[in-house]
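J.: Numbering (our numbering), first residue to last: 14 to 194.
And the structure:
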């Protein structure tokens, strides 16, 4: 097993943002509550601009956009199918599973693009939670400027949003819109 590469973490003074810098790694984490894509995009690009000025990278070779959604179960009988639908990346069998389930689908879209969708059970909380993790990655050379990064992030976001929208069921939609199931 290889040792983890060391990363330096910085927390935003007033917002739930965490910036991680390491060798060949720049990560911006946004903790709950998700403020929407426009705000998230601005936060990442602002952080990248500052990192770019300091680090002066010559190129970017990998960009990933990852959304992790935690859905609190309402009871022990609550199944993933109460919240989600089967998609190209979520098999129907896992949706009717009892706690302890895990599904991971990694699809290579072409030689430079992939998507990883993980659906699993997390035991923390009164009844545990369903976790939907969508990770969209492109691996190719990009110029290290803010515009190129923004354009690539927008394309990745479209794919993540499509995967999420395809998976969300009526009950999850009601929760997101009005806060009630």
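Ideal Cβ positions, reconstructed from N, Cα and C, are used throughout, including at glycine.
(1) Are the Cβ atoms of residue 180 and residue 83 separated by less than 7 Å?
(2) Below 8 Å CB to CB, which residues in the same chain sit around residue 177 once its five sequence neighbours on both sides are set aside?
(3) In whole angstroms, give me the CA-to-CA distance for residue 130 and residue 136.
(4) Roughly how many whole angstroms lie between the Cα atoms of residue 54 and residue 157?
(5) Here's the rule I'm using: 16 or more other beta-carbon atoms within 10 Å means buried, otherwise exposed. How should residue 75 be labelled?
(6) Considering residue 119, what are the terminal residues of the beta strand (DSSP E) in which it resides?
(7) Alpha carbon to alpha carbon, what distance is there between residue 71 and residue 190?
T.: In this structure, then:
(1) no
(2) 80, 82, 145 and 147
(3) Those two C-alpha atoms are separated by around 19 Å.
(4) 16 Å
(5) Looking at its Cβ environment, which holds fewer than 16 other Cβ atoms inside 10 Å, residue 75 is exposed.
(6) 115-121
(7) Distance between the alpha carbons of residue 190 and residue 71: 42 Å.
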